[in-house]
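Peer 1: I am attaching a structure below and will ask some questions about it afterwards.
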Amino acid sequence: MLLVAPRGTRAVLDAARRLAGAGAAGPARRPAVVVVADPAVAAGAAGGPGLLEVAAGRCTLAEAMVPDPVGGFDWLPLGGSDESAARPRPRRAALSAVLERLAATRDVLVAAPAVLESVEALDLSGPGRVSVLVAEAPGTSNQEVREAERLLRMAAGEYLGRIVMATKGSAMNVAARGPWSRR
């Protein structure tokens, strides 16, 4: 499942973390991995191996995976250590091959780059893959949501719908006045 926001936000990573944790604790207990494919989001050990190194054949999946100490799932950070920065980035086909290998044994949640800021999210969406838009509330305009949904529907994969993540400030406002208040 490809999780993507209209603009760069940590809400995508938060949604992926929650979904992976819920899946790991659910009745099926199928192992899950959150793949961080967004260079704007820091996750995992700084300078450590990740998706880019695995796709380029410079390390194994086992070397790049990082267990989540609380959620019962694994992380695959983007990687891109200083050592590999001088080398060319792996092609989309190599990245897709890594995702397919993971999907054979795990539920895969990909935290993708923002769809309105990069074409990489559309590149990661392919036949047989599903995408979900993560909108931050407040903070994401209706126009951004509509344009992001339009782009995701044009991609090769299937667009499932949207998850709305409340920011800390909006959740506190609801808690302070009550969810049914008309203020």
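Heads up, the sequence shown is in this note's numbering, so the first residue is 94 and it goes up one at a time. C-beta: ideal position from N, C-alpha, C; glycine also. Note that this is a predicted model, so its numbers are computed, not measured.
1. Helix, strand or coil: which one does DSSP assign to S224?
2. Is the beta carbon of T102 sitting closer than 9 Å to the one on A207?
3. Just mark R241 as buried or exposed, buried being the case when its beta carbon has 16 or more other beta carbons within 10 Å.
4. Can you round the beta-carbon distance between G165 and G141 to whole angstroms, since I take them to be within the 8 Å contact cut?
5. Give me the DSSP bridge partner(s) of D200.
6. Could you check which residue in E237, A196 and S211 has the C-alpha nearest to that of D131?
7. Comparing alpha-carbon positions, which option in T233, L244 and A248 lies nearest V104?
8. Under a three-way DSSP split, which group does D107 fall into?
9. Using only CA atoms, which one of V163, E193 and P124 lies nearest to G219?
10. What's the gap between the Cα of L226 and the Cα of G150?
11. Check for me: the beta strand (DSSP E) holding M251 runs from which residue to which?
Peer 2: So, from the listed chains and residues:
1. Start at 1 with the first residue of the sequence shown, and residue 224 comes out as number 131. Residue state, collapsed to three classes: strand.
2. Your numbering for residue 102 matches position 9 in the sequence shown. Your numbering for residue 207 matches position 114 in the sequence shown. For T102 and A207, yes; Cβs fall inside 9 Å.
3. Stepping through the sequence shown from its first residue, residue 241 is reached at position 148. First, the amino acid is wrong: residue 241 is Ala here, not Arg. That one is buried.
4. Taking the sequence shown and counting its residues from 1, the one referred to as residue 165 is at position 72. Taking the sequence shown and counting its residues from 1, the one referred to as residue 141 is at position 48. With 8 Å as the limit, G165 and G141 do not qualify as a contact, their Cβ atoms being about 21 Å apart.
5. The count along the sequence shown starts at 1 and reaches residue 200 at position 107. Answer is A125.
6. As a position in the sequence shown, residue 131 is number 38, starting the count at 1. Of the candidates E237, A196 and S211, the one whose C-alpha sits nearest the C-alpha of D131 is S211.
7. Taking the sequence shown and counting its residues from 1, the one referred to as residue 104 is at position 11. Here residue 104 turns out to be Ala, not Val, going by the sequence shown. The option with the nearest alpha carbon to A104 is T233.
8. As a first step, residue 107 is located in the sequence shown; it is residue number 14 there, counting from the start. The answer is helix: DSSP assigns D107 an H, G or I state.
9. What you label residue 219 is simply residue 126 of the sequence shown in a count that begins at 1. Out of V163, E193 and P124, E193 has the C-alpha closest to the C-alpha of G219.
10. Residue mapping note: residue 226 aligns to position 133 of the sequence shown, counting from 1. Residue mapping note: residue 150 aligns to position 57 of the sequence shown, counting from 1. L226 and G150: Cα-Cα distance of roughly 31 Å.
11. Position 158 of the sequence shown, counted from the start, is the residue given in the question as residue 251. Looking at the sequence itself, residue 251 is Glu, so the reference to Met does not match. Per DSSP, E251 belongs to the beta strand (DSSP E) from E251 to A259.
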